[in-house]
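Everything in the sequence shown is counted per my numbering, starting at 489 for the first residue and increasing by one. The structure appears below as structure tokens.
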Amino acid sequence: MIKLKSPENIAAMQRAGRLAGEVREAVKAYAKVGMTTRELDLYARKIIKKGGAEPSFLGYNGYPANICISVNEEVVHGIPGDRVLMDGDLVSIDIGTYLGGFHGDTADSFVVGKANPEAEDLIAATRESFFVGLELCVPGNKIGDIGHAIQEYVEDHGYSVVRALTGHGIGRKLHEDPAVPNYGRKHTGDVLRPGMTIAIEPMVNAGTHRVYVLDNDWTIVSADGRLSAHYEHTVAITEGAPLILTKCD
Numbered sequence: 489m490i491k492l493k494s495p496e497n498i499a500a501m502q503r504a505g506r507l508a509g510e511v512r513e514a515v516k517a518y519a520k521v522g523m524t525t526r527e528l529d530l531y532a533r534k535i536i537k538k539g540g541a542e543p544s545f546l547g548y549n550g551y552p553a554n555i556c557i558s559v560n561e562e563v564v565h566g567i568p569g570d571r572v573l574m575d576g577d578l579v580s581i582d583i584g585t586y587l588g589g590f591h592g593d594t595a596d597s598f599v600v601g602k603a604n605p606e607a608e609d610l611i612a613a614t615r616e617s618f619f620v621g622l623e624l625c626v627p628g629n630k631i632g633d634i635g636h637a638i639q640e641y642v643e644d645h646g647y648s649v650v651r652a653l654t655g656h657g658i659g660r661k662l663h664e665d666p667a668v669p670n671y672g673r674k675h676t677g678d679v680l681r682p683g684m685t686i687a688i689e690p691m692v693n694a695g696t697h698r699v700y701v702l703d704n705d706w707t708i709v710s711a712d713g714r715l716s717a718h719y720e721h722t723v724a725i726t727e728g729a730p731l732i733l734t735k736c737d
């Protein structure tokens, strides 16, 4: 069941979301070649705790870290550890914060060290596909309109949208109804209504859309080993333009 949020709820979600956005930008600025992904995870935790929040992901269905860090062919749910970041790596960070009874959820991808044009082009298309989908986030449109717009943009740029994973509703729980696929047909799915809060998160592969799960039962990788990028914001549907809750500016 979709849970509509009051203006007060959305304001509280914006506080959680702003912190998630601040963590996202801080981790991106902190990341350097030679660091381990665990170092980034612990840095993120420090900022989350300093902000008076808890990491949404830690312990969620047994997840063992504070944030998700996925590198190169890893799509999502990469577990931080001893992996050392190398020149030109594509790094995706997914961050959740729980503050004041609500969650914020955001993700971005970036390149560490020397330029990597292949990765940077993929990242740019992934980010832009989010904003193409965001334009459809107005009352009366449907969930399928968002996914169709994202898929069309991604495929027009020669990439593929991961189908095994979707965005989701969000609020007092990290994952709520409805599912928000990054693919699909226009005019299908739930009708968008003011008070809906959703996490829109294109996951885009350079090659095939197919993925599989590693033996750690968490990390999802592209089936052909090619690069993958991820971009996400928590968004509120309003009477007018959509409101991004995980901005930090």
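Backbone N, C-alpha and C define an ideal beta-carbon position, used for all residues, glycine too.
### Query
Is the segment 598 to 610 touching the segment 513 to 524 in the sense that three or more CB pairs, one from each, lie closer than 8 angstroms?
Output reads yes: the segment 598 to 610 touches the segment 513 to 524.
### Task
Would you identify the three-state DSSP class for G621, choosing helix, strand or coil?
Secondary structure at G621: helix, using DSSP grouped into helix, strand and coil.
### Message
Can you tell me where the beta strand (DSSP E) holding I708 begins and where it ends?
### Response
I708 to S710 is the extent of the beta strand (DSSP E) around I708.
### Query
Under three-state DSSP, which class holds M691?
Secondary structure of M691 (DSSP, three-state): strand.
### Task
Take P730 as the anchor and find which of D705, G683, D703 and N704 has the nearest alpha-carbon.
In terms of Cα proximity to P730, the closest of D705, G683, D703 and N704 is G683.
### Message
I688 and G621 - do their beta-carbons sit closer together than 8 angstroms?
### Response
Yes, these two residues count as a Cβ contact at 8 angstroms.
### Where the beta strand (DSSP E) containing A667 begins and where it ends
Counted as a single uninterrupted DSSP element, the beta strand (DSSP E) harbouring A667 occupies residues E664 to V668.
### Query
Based on the DSSP secondary-structure assignment, which residues constitute the bridge partners of G683?
Looking at the DSSP assignment, G683 forms no beta bridge with any residue, so it has no partner.
### Under the three-state DSSP convention, the category Y700 falls into
Note: Y700 maps to strand in three-state DSSP.
#### Entry: 8 angstroms Cβ cutoff met for V515 and A504
Using a Cβ distance threshold of 8 angstroms, V515 and A504 do not count as a contacting pair.
### Task
Identify every residue that forms a DSSP beta bridge with F449.
For residue 449 there is no data in the structure shown, the boundaries of the chain being 489 and 737.
### Task
Note down, one range per segment and in chain order, each alpha helix (DSSP H) of at least 4 residues found wholly within the segment 505 to 558.
Runs found: 525 to 538.
### Task
Could you tell me the boundaries of the alpha helix (DSSP H) in which E640 lies?
Run containing E640: I631 to D644, per the alpha helix (DSSP H) assignment.
### Query
With respect to the beta strand (DSSP E) encompassing V650, which residues constitute its N-terminal and C-terminal limits?
From DSSP, V650 is part of no beta strand (DSSP E); its letter is neither H nor E.
### Reduced DSSP category for L609 - H, G, I as helix; E, B as strand; rest coil
For the record, residue 609 in the displayed sequence is Asp; it is not Leu. Residue state for D609 is assigned as helix, using DSSP reduced to three classes.
### Task
Following the continuous beta strand (DSSP E) through A724, name the residue where it begins and the one where it ends.
Per DSSP, A724 belongs to the beta strand (DSSP E) from H721 to A724.
### Between the CA atoms of V679 and Q639 - distance to the nearest angstrom
If you draw a straight line from the Cα of Q639 to the Cα of V679, it comes to about 19 angstroms.
### Message
Please tell me whether T696 and S716 are closer than 8 angstroms, where the distance is taken between their beta carbons.
### Response
No. Outside cutoff.
### Task
For my contact list, H718 and G672 are in at a C-beta cut-off of 8 angstroms; report their separation, rounded to the angstrom.
Between the beta-carbon of H718 and that of G672 there is about 19 angstroms, and that puts the pair past the 8 angstroms contact cut.
### Where S597 falls, given that 16 or more other Cβ within 10 Å makes a residue buried
Taking all protein chains in view, the Cβ of S597 is crowded by 16 or more other Cβ atoms within 10 Å, so the residue is classified as buried.
### Query
For D712, is the classification buried or exposed, using 16 other Cβ atoms within 10 angstroms of its Cβ as the cut-off for buried?
Flag for D712 reads exposed.
### Query
With 16 other CB atoms within 10 Å as the buried threshold, where does V563 fall?
Counting Cβ neighbours within 10 Å, V563 comes out buried, since at least 16 surround it.
### Same chain only: Cβ atoms within 7 angstroms of V699, ignoring 5 sequence neighbours per side
So the list reads V563, V650, A652, I708, V709, S710 and A711, once near-sequence residues are dropped.
#### Entry: Identity of the residue in D737, I583, A508 and T524 nearest Y548 by Cα
If we check each option's Cα against that of Y548, I583 comes out closest.
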